[in-house]
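Counting from 338, one number per residue, gives the positions in the sequence shown under our numbering.
Built from N, CA and C at the ideal position, the CB exists for glycine as well.
Here is the structure we will look at.
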Amino acid sequence: MADGSPGVFHLYQCAHYKSFRVTSYLPFCCAIFCAGFALREYGAFNVSKINIYIASTLLIYMSPPILELANYHILGRTLYYIPYMSPIHPGRVLTTLGSLSAVVEVLNALGVSYLATSSPRGSPASSARYALGHDLMRASLALQLFVIALFYTLAGLFHRGIVAGRVAHPRAVAVLRTLYVSMLLILARTVYRAVEHFGASSSAAAAAARDLGDGASGGEEEWWRALSPVLRYEWFFWVFEAVPMLVNALMWNVRHPRRYLPEGYKTYLAQDGETELDGPGWGDKRNYIMTVVDPFGVVAMCERGRKGEAFWEENGFHHLLGGKSGEGQAA
Numbered sequence: 338m339a340d341g342s343p344g345v346f347h348l349y350q351c352a353h354y355k356s357f358r359v360t361s362y363l364p365f366c367c368a369i370f371c372a373g374f375a376l377r378e379y380g381a382f383n384v385s386k387i388n389i390y391i392a393s394t395l396l397i398y399m400s401p402p403i404l405e406l407a408n409y410h411i412l413g414r415t416l417y418y419i420p421y422m423s424p425i426h427p428g429r430v431l432t433t434l435g436s437l438s439a440v441v442e443v444l445n446a447l448g449v450s451y452l453a454t455s456s457p458r459g460s461p462a463s464s465a466r467y468a469l470g471h472d473l474m475r476a477s478l479a480l481q482l483f484v485i486a487l488f489y490t491l492a493g494l495f496h497r498g499i500v501a502g503r504v505a506h507p508r509a510v511a512v513l514r515t516l517y518v519s520m521l522l523i524l525a526r527t528v529y530r531a532v533e534h535f536g537a538s539s540s541a542a543a544a545a546a547r548d549l550g551d552g553a554s555g556g557e558e559e560w561w562r563a564l565s566p567v568l569r570y571e572w573f574f575w576v577f578e579a580v581p582m583l584v585n586a587l588m589w590n591v592r593h594p595r596r597y598l599p600e601g602y603k604t605y606l607a608q609d610g611e612t613e614l615d616g617p618g619w620g621d622k623r624n625y626i627m628t629v630v631d632p633f634g635v636v637a638m639c640e641r642g643r644k645g646e647a648f649w650e651e652n653g654f655h656h657l658l659g660g661k662s663g664e665g666q667a668a
């Protein structure tokens, strides 16, 4: 219920602000997380139903990457608002980071399925599948950490640029600050999951080795005590997974991006830092594969006679940006 309420409100905000193209991932993420918790609760009273366990775990693991997708889209829309300071084509933020997140989701799905259908104390084949499941989850979490670092790099370069160019409009800065906090919460959750998986496999292996050495099963209690405290105690999950995701959803309810950014991506901030203009939009005539392989447009910049899509250089305000930078350096 706690996760469903923000999702319903996000759905209302999408309709109210007409922002389905930008923030539709937010209610979708809440719905996935709510479904995961519902199945988790049902599975607690039906422990023999392995499919329920797989579905609940997979849904809960899927939610943070989907929330990241929402953040990528919001960052892209912020770059569209001040395009002349963007370190990357705004439309490529979602394409590039979203493609990496898709790989994360695939690794999550495979890892969860292997872990749920195998055991470290079973046959050699089952133990191998269990170890592979942990390896896939670790790879997924490592890739997610890399994507978060890339996100902060892009946002930081953009933030530094608008401050240096004195076009750091309060509304754009407000969105960036919310994005920083949102990704920080996701980072905390990802680190928790990384600790969980890096500790779980070693604990399980130690328990299995002890069982074999003793020539006995060792008992379920002994095996349980050998596990990492992160796995044994439920409060780790609530503090580092459930609460950060709930806070994230509520924060975007309160600081919805459409409160600060215009409805259309063609509306942008002029170089005086105050005037909003309607432009043609920043197009990209390259094919999809090139936009993924070369998101920064390095190849296009090297092409002779190709200047790009800098439509803002002809809006009558372009001279102000250079003047501001010069004043800042002189000061």
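| Query | Result |
| --- | --- |
| Cα-Cα separation between I499 and G610, rounded to whole angstroms | 9 Å |
| Proximal residues to I403 (C-beta, below 7 Å), its chain only, five neighbours per side dropped | Y362, F365, C366, I369 |
| Length of the line joining the Cα atoms of E578 and Y349 | 25 Å |
| Validate contact between the stretch 380–390 and the stretch 420–439 using beta carbons, cut 8 Å, 3 pairs | no |
| Bounding residues of the alpha helix (DSSP H) (the contiguous stretch that carries L598) | Looking at the DSSP string, L598 is not in any alpha helix (DSSP H), and its letter there is neither H nor E. |
| Through-space distance from T527 to F488, alpha-carbon basis | 15 Å |
| Span separating the alpha-carbon of L657 from that of Q608 | 6 Å |
| 6 Å Cβ shell around R466 - same chain, five flanking residues per side excluded | Y451, S455 |
| Span separating the alpha-carbon of V525 from that of V440 | Inspection of the sequence shows that residue 525 is occupied by Ala rather than by Val. Their backbone Cα atoms lie some 20 Å apart in a straight line. |
| Distance cut-off 6 Å: K355 Cβ against heavy atoms of the ligand SAH | Inclusion of the ligand SAH in the displayed structure is not the case, the ligand content being empty and no account of it being possible. |
| Neighbourhood of F654 by C-beta distance below 6 Å, restricted to the same chain and skipping five residues each side | A607, Q608, D609 |
| Counted within 10 angstroms of its Cβ, other Cβ atoms place T490 as buried (16 or more) or exposed | exposed |
| Close-in-space but distant-in-sequence residues of the same chain around G341 (CB under 6 Å, 5 per side omitted) | C371 |
| Residue ranges of each alpha helix (DSSP H) within the stretch 366–427, 4 or longer | 387–418 |
| Distance between H534 and I411 (C-alpha atoms, nearest Å) | 30 Å |
| CB-CB length for G373 against I397, believed under 8 Å | 4 Å |
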